[in-house]
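Undergrad: Heads up: the sequence lines are chains A and B, in that order.
Heads up: the first sequence is residues 535 to 1039, going by this note's numbering.
Heads up: the second sequence is residues 535 to 1039, going by this note's numbering.
Beta carbons: idealized from backbone N, C-alpha and C, even for Gly.
Here it is, the structure in full.
There are 2 protein chains.
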Amino acid sequence: MPSPDPTSTAGTLEVLRERLGELDDLRHASSLAGWDEQTMMPPGGAAARGEVLATLGRLAHEKLTDPALTALLDRLGAAEDLGETDARMVAAVARDADRARRVPDRLIADIARQTTLAQVAWHEARAADDFALFRPALERHVELRGELAACFPEAAHPYDALLHNFEPDLTTERVRTVFAELKEGLVPLIREIAAAGPPPRLPGPFPVEQQRILAAEIARAQGFDDEHWRLDLAVHPFAMSLGSSDIRVTCRYDESGLMGPFAVMHEIGHGLYERQVDPALERTTVGTGVSLGIHESQSRLWENLVGRSEAFWRHWHPRMLELFGADALGGTDLAGFLRAVNAVHPSLIRVEADEATYSLHVILRFELEVALMEGTLAVADLETAWNEKTKELLGLDVPSAKVGVLQDIHWAYGELGYFPTYAIGNIVAAQLWQVIRRDLPGLDDDLARGETLALREWLREHIHRHGCLYTPGELLRGATGADLDARPFLEHLRAKYSALYGLTA
Amino acid sequence: MPSPDPTSTAGTLEVLRERLGELDDLRHASSLAGWDEQTMMPPGGAAARGEVLATLGRLAHEKLTDPALTALLDRLGAAEDLGETDARMVAAVARDADRARRVPDRLIADIARQTTLAQVAWHEARAADDFALFRPALERHVELRGELAACFPEAAHPYDALLHNFEPDLTTERVRTVFAELKEGLVPLIREIAAAGPPPRLPGPFPVEQQRILAAEIARAQGFDDEHWRLDLAVHPFAMSLGSSDIRVTCRYDESGLMGPFAVMHEIGHGLYERQVDPALERTTVGTGVSLGIHESQSRLWENLVGRSEAFWRHWHPRMLELFGADALGGTDLAGFLRAVNAVHPSLIRVEADEATYSLHVILRFELEVALMEGTLAVADLETAWNEKTKELLGLDVPSAKVGVLQDIHWAYGELGYFPTYAIGNIVAAQLWQVIRRDLPGLDDDLARGETLALREWLREHIHRHGCLYTPGELLRGATGADLDARPFLEHLRAKYSALYGLTA
Chain A
535 MPSPDPTSTA
545 GTLEVLRERL
555 GELDDLRHAS
565 SLAGWDEQTM
575 MPPGGAAARG
585 EVLATLGRLA
595 HEKLTDPALT
605 ALLDRLGAAE
615 DLGETDARMV
625 AAVARDADRA
635 RRVPDRLIAD
645 IARQTTLAQV
655 AWHEARAADD
665 FALFRPALER
675 HVELRGELAA
685 CFPEAAHPYD
695 ALLHNFEPDL
705 TTERVRTVFA
715 ELKEGLVPLI
725 REIAAAGPPP
735 RLPGPFPVEQ
745 QRILAAEIAR
755 AQGFDDEHWR
765 LDLAVHPFAM
775 SLGSSDIRVT
785 CRYDESGLMG
795 PFAVMHEIGH
805 GLYERQVDPA
815 LERTTVGTGV
825 SLGIHESQSR
835 LWENLVGRSE
845 AFWRHWHPRM
855 LELFGADALG
865 GTDLAGFLRA
875 VNAVHPSLIR
885 VEADEATYSL
895 HVILRFELEV
905 ALMEGTLAVA
915 DLETAWNEKT
925 KELLGLDVPS
935 AKVGVLQDIH
945 WAYGELGYFP
955 TYAIGNIVAA
965 QLWQVIRRDL
975 PGLDDDLARG
985 ETLALREWLR
995 EHIHRHGCLY
1005 TPGELLRGAT
1015 GADLDARPFL
1025 EHLRAKYSAL
1035 YGLTA
Chain B
535 MPSPDPTSTA
545 GTLEVLRERL
555 GELDDLRHAS
565 SLAGWDEQTM
575 MPPGGAAARG
585 EVLATLGRLA
595 HEKLTDPALT
605 ALLDRLGAAE
615 DLGETDARMV
625 AAVARDADRA
635 RRVPDRLIAD
645 IARQTTLAQV
655 AWHEARAADD
665 FALFRPALER
675 HVELRGELAA
685 CFPEAAHPYD
695 ALLHNFEPDL
705 TTERVRTVFA
715 ELKEGLVPLI
725 REIAAAGPPP
735 RLPGPFPVEQ
745 QRILAAEIAR
755 AQGFDDEHWR
765 LDLAVHPFAM
775 SLGSSDIRVT
785 CRYDESGLMG
795 PFAVMHEIGH
805 GLYERQVDPA
815 LERTTVGTGV
825 SLGIHESQSR
835 LWENLVGRSE
845 AFWRHWHPRM
855 LELFGADALG
865 GTDLAGFLRA
875 VNAVHPSLIR
885 VEADEATYSL
895 HVILRFELEV
905 ALMEGTLAVA
915 DLETAWNEKT
925 KELLGLDVPS
935 AKVGVLQDIH
945 WAYGELGYFP
955 TYAIGNIVAA
965 QLWQVIRRDL
975 PGLDDDLARG
985 ETLALREWLR
995 EHIHRHGCLY
1005 TPGELLRGAT
1015 GADLDARPFL
1025 EHLRAKYSAL
1035 YGLTA
């Protein structure tokens, strides 16, 4: 085979694609190692697996920051005869490569080492229910994140540099504004719902085997097939793509409630995003979801906007009755069942929070993280600040660190800037949903028949197929004509809960 | 952390170990990708997985042939203050690196490409039952193997260079001598057994679920535990190591016979070799089985020398009766059952062959491969030669290519030099077994109690722990005091079948 002519744009592009293919292969190998670690690996394999993941990560970083790659990207960035898709790909890769090059290897190694130490400290602190045991590790993490932020001196706010790891074109300022509006809408809404009295409870039990049957049927209705997907068990459910033709989704089930099937809808939502990326982007680094916030919008859309809607359950409620029996559903009819799966309870634990209160947990973490990075809050005062904010936002007293400041492992990973993406997902999902309902007037009828094809095609067309060719902001504007905006989410919640609980706006 | 001093032997060794760790991590990632491909991957993932495996293989090859690695190996090879284990490790890696460097990248790429083409041709030829459709692809493979052999001009025979990919210190001449002796002993023995009349048959059925229970129990008695092993289903059973603390074994079951449990014993035998390598060799390239022949000796030892012995079944036969019932075993007592699982039937298909006739299938392939490489046999005449040899060695007529020359996929992979390792495994296993029986006089009592610990410890001490620190020949001499020798295998077979069938020697 003749080698590509490296002096032409087409030849340079071919050389670039070879390098991107290699990077994507390393990512694939790494993702597989991670998937296996959480689903299949015998416990004895953990130490060796850690080394493998570190090596694959280091090789990928070396290849992304290779000056030869930079030279190719520079040459193509200046080329005038590049098609639009290729130009977007080159720009996206150049952004990633630039970010990777700006962080010194020494700092990456320091962060990796600190992450290992901090996890041990977090586990010890949590077991002892004593934040003080985690404090030194977190202080060092905050310090290292400060060094990381300093690698991007052009950022308007030190927290921007962290946020940009997950949301490349959002600013701290914008998130602050949007979250303020969100908080202002949510707090009174949740109070009104509480005043309407407690919703019905579903007594269960929901045997695990029946839940798996239900979850598998719903997954198929969302687009799951055996040719391109797997659904396995994992302690912490997640979705992972090994290329758009091999999507791995995981779940766990607990017979006391229906978290399992909702978690499957959520993860299939993530998986479908990866599954529907344009196959032309295979074996590049841009053939994947563009940001965590957009990714979360896809999972939340299926979990909440589809999966907690009346239309959806018109189809699936009879199947629930068949599988679990009327007693497990507490004798509820469809309306009662909907009130139950849309129950709102302010609670201490984020991962157990409902659709309405969830974002408040995120806002709490965002405000604390920003203050830590600004230096207006010391790690020493974090637990007190956490408890005060919990009272302010959720109206709850925190009895212990375990169910408060030590509940999530994310800070042990040093992952500041990550939490906001969860609430951004809720916000974006509602923005998309508003447009989808306008574009697909027959959507409720589809859902009531167990049909989702038109919805999936809409998502493919407006979000999924583009991979990373557009920034999250461009993608959102392209699909909805708007920037990040909390109002559609607040409107959706108010409308839904008003109908369910008879609130008066 | 201070960097190692690269001017000292200890410092150079540390740098070498980092590089070997990286190579081992790539092998681990690659093995995992292969394991997943055969056990878990949805079919849609195949194309992307092929790319990932190619990239990981290419990166490992680049790193093994890196001049900086050669320089480290040269410096350490000349160092006088290296301990014996490290010196052996350096020598073993240097041999691998030398072999890898001697084959030009162009030839590796040609072979890889031809392997893809030849597999397609083989599948088509097999479906059409027409060797002519595979002939051109195999001709090209033989040509490329000739080029490969030419990279090692010091070899006494062109086939040596191929054999050395799997058995680093065996020669074609030696294999020819040993196989000639083996053939001379096997052909009359098999004739005598046939004259003794047909053995009892086990009518079955053997439900798959019960076989899985039996196989899992036997596996545990061989050393399987949930902390370090997995046992999964695969179309073609295999064992794979992801480091000595993560061993993956696979199997398949067919309710018409007991191939499944015997295949599990075989694969656990492979797995145990990897499991018992000295942990000090972790994250090097020498912490794995040293050759395919030695590996196969471990699997055959458990499958045949343990797994078809009277002592073993004194423990497990009652459990068989419990699981499958007396009717499935055709009402045989222990003696009858042993005759049945030690039945000898010359047959056309290698993978279905019994302990006695199996090696003849291998000798047939070895003789044909050597003639192809010597140029004394043309691919055009291969089918005729195959059929003649089948008549000579097994006394059978070959009705069609599908059950003759096209039965195995190995030649489509271009893998000449690989088949002999299967018979070498049988031979080595019997050589080891002779010494083991002398060293462990209580072995039969152990097996009759379902106990294998002393046996496993013997194998760890004499074979497993050494990884690749000794060549196969050194290892065999160290454990048995002898070179490769067919006589113990022939003696074992004659003694066993004489007892079972009342042959007169």
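Does the beta carbon of aspartate 644 of chain B come closer than 7 Å to any beta carbon on chain A?
TA: No, its Cβ sits nowhere closer than 7 Å to a Cβ of chain A.
Undergrad: Could you give the residue range of the beta strand (DSSP E) that holds methionine 774 of chain A?
TA: Per DSSP, methionine 774 of chain A belongs to the beta strand (DSSP E) from 773–775.
Undergrad: On a CA-only basis, which of B:Leu593, B:His800, B:Thr818, B:Gly803 is nearest valine 549 of chain B? Give me that one, please.
TA: Valine 549 of chain B has its Cα closest to that of B:Thr818, out of B:Leu593, B:His800, B:Thr818, B:Gly803.
Undergrad: Which chain A residues are close to proline 1006 of chain B, counting only those with a beta carbon under 8 Å from its beta carbon?
TA: Those do not exist, as proline 1006 of chain B stays about 25 Å from chain A at its closest Cβ, beyond 8 Å.
Undergrad: From what residue to what residue does the beta strand (DSSP E) around arginine 764 of chain B run?
TA: Arginine 764 of chain B -> beta strand (DSSP E) spans 763–767.
Undergrad: For the beta strand (DSSP E) that glycine 781 of chain B lies in, which residues bound it at each end?
TA: The sequence shown places isoleucine at residue 781 of chain B, rather than the glycine named in the question. Its beta strand (DSSP E) spans residues 781–785.
Undergrad: For chain A, check one thing: does any of its Cβ atoms lie closer than 7 Å to the Cβ of tryptophan 763 of chain B?
TA: Yes, tryptophan 763 of chain B lies at the interface with chain A (some Cβ there is under 7 Å from its Cβ).
Undergrad: For the segment 789–804 of chain B and the segment 738–746 of chain B, state whether three or more C-beta atom pairs, one from each stretch, are separated by less than 8 Å.
TA: Yes, the segment 789–804 of chain B is in contact with the segment 738–746 of chain B.
Undergrad: Starting from isoleucine 970 of chain B, follow the alpha helix (DSSP H) in both directions and report where the run begins and ends.
TA: Here the alpha helix (DSSP H) through isoleucine 970 of chain B covers 954–973.
Undergrad: Could you list which residues in chain B have their beta carbon closer than 9 Å to that of arginine 817 of chain A, in chain order?
TA: Residues of chain B passing the Cβ test: Ala582, Glu585.
Undergrad: Where does alanine 749 of chain B fall in DSSP's three states?
TA: Helix.
Undergrad: Whose C-alpha, out of B:Gln965, B:Gly555, B:Asp644, B:Ala659, is nearest the C-alpha of leucine 603 of chain B?
TA: Of B:Gln965, B:Gly555, B:Asp644, B:Ala659, the residue nearest in Cα terms is B:Gly555.
Undergrad: From what residue to what residue does the alpha helix (DSSP H) around glutamine 832 of chain B run?
TA: Run containing glutamine 832 of chain B: 826–834, per the alpha helix (DSSP H) assignment.
Undergrad: Check whether the segment 758–773 of chain B and the segment 798–816 of chain B are in contact - that is, three or more C-beta pairs closer than 8 Å.
TA: As far as the Cβ criterion goes, the segment 758–773 of chain B touches the segment 798–816 of chain B, which means the pair count is three or higher.
Undergrad: So is aspartate 861 of chain A buried or exposed if we call it buried at 16+ other beta carbons inside 10 Å?
TA: Its Cβ having fewer than 16 others within 10 Å, aspartate 861 of chain A is exposed.
Undergrad: Answer with yes or no whether the minimum CB distance from valine 549 of chain B to chain A is below 7 Å.
TA: No, valine 549 of chain B does not count as interfacial toward chain A.
Undergrad: Under 8 Å by Cβ, that's how I've got leucine 815 of chain B and glycine 1001 of chain B pegged, so tell me the actual separation to the nearest angstrom.
TA: That pair is a contact at about 5 Å.
Undergrad: Are the C-beta atoms of arginine 1028 of chain A and some chain B residue less than 7 Å apart?
TA: For arginine 1028 of chain A, the answer is no, since every Cβ of chain B falls outside 7 Å of its Cβ.
Undergrad: With a CB to CB cut of under 8 Å and the five nearest residues on each side skipped, what residues in its chain are close to threonine 599 of chain A?
TA: Closer than 8 Å at Cβ, skipping near neighbours: Ala631, Ala634, Arg635.
Undergrad: If you follow the alpha helix (DSSP H) that glutamate 707 of chain A is in, where does it begin and where does it stop?
TA: Its alpha helix (DSSP H) spans residues 706–729.
Undergrad: Would you mind listing the beta strand (DSSP E) stretches within the segment 794–829 of chain B that are 3+ residues and don't spill past its ends, in chain order?
TA: Counting whole runs of 3 or more residues, the segment 794–829 of chain B contains no beta strand (DSSP E) stretch at all.
Undergrad: Rounded C-beta distance between serine 565 of chain A and methionine 774 of chain A? I'm assuming under 8 Å.
TA: With a Cβ gap of about 5 Å, serine 565 of chain A and methionine 774 of chain A count as contacting.
Undergrad: Can you tell me which of the three DSSP states isoleucine 897 of chain A falls into?
TA: Residue state, collapsed to three classes: helix.
Undergrad: Using 8 Å as the threshold, is the segment 917–925 of chain B in touch with the segment 868–876 of chain B, meaning 3 or more CB pairs across them?
TA: Counting Cβ pairs under 8 Å, fewer than three are found: no touch.
Undergrad: So, with DSSP's three-state summary, where would you put proline 670 of chain A?
TA: Here proline 670 of chain A sits in helix by DSSP.
Undergrad: Within a Cβ cutoff of 6 Å, which residues of the same chain sit near histidine 657 of chain A, ignoring the five residues on either side of it in sequence?
TA: No residues qualify anywhere along the chain.
Undergrad: Below 7 Å on C-beta distance, what does alanine 567 of chain B contact in chain A?
TA: Near alanine 567 of chain B (Cβ distances below 7 Å), the residues of chain A are Ala563, Leu566.
Undergrad: Check glycine 680 of chain B in the structure and name its three-state DSSP category.
TA: In the structure shown, glycine 680 of chain B sits in a helix (DSSP, three-state: H, G or I).
Undergrad: Any beta-carbon of chain A closer than 7 Å to the one on leucine 767 of chain B?
TA: Judged by the 7 Å Cβ criterion, leucine 767 of chain B is not in contact with chain A.
Undergrad: Give the secondary structure of aspartate 570 of chain A by DSSP, where H, G and I count as helix, E and B as strand, and everything else as coil.
TA: The answer is helix: DSSP assigns aspartate 570 of chain A an H, G or I state.
Undergrad: Where does arginine 1013 of chain B land, buried or exposed, given buried means 16+ other C-beta within 10 angstroms?
TA: The displayed chain sequence assigns alanine, not arginine, to residue 1013 of chain B. Classification for alanine 1013 of chain B: buried.
Undergrad: What's the gap between the Cα of alanine 964 of chain B and the Cα of glutamine 941 of chain A?
TA: Those two C-alpha atoms are separated by around 59 Å.
Undergrad: Under 9 Å, CB to CB, which of the residues in the segment 802–829 of chain A have a partner in chain B?
TA: So the close ones are Glu816, Arg817.
Undergrad: Would you say threonine 546 of chain B lies against chain A (beta-carbon separation less than 7 Å)?
TA: No, because no Cβ of chain A sits closer than 7 Å to the Cβ of threonine 546 of chain B.
Undergrad: By the 10 Å Cβ neighbour count, where 16 or more other Cβ atoms means buried, how is isoleucine 883 of chain A classified, buried or exposed?
TA: Isoleucine 883 of chain A should be labelled exposed.
Undergrad: Which residue marks the beginning of the alpha helix (DSSP H) containing glutamine 653 of chain B, and which one marks its end?
TA: Unbroken alpha helix (DSSP H) run through glutamine 653 of chain B: 639–662.
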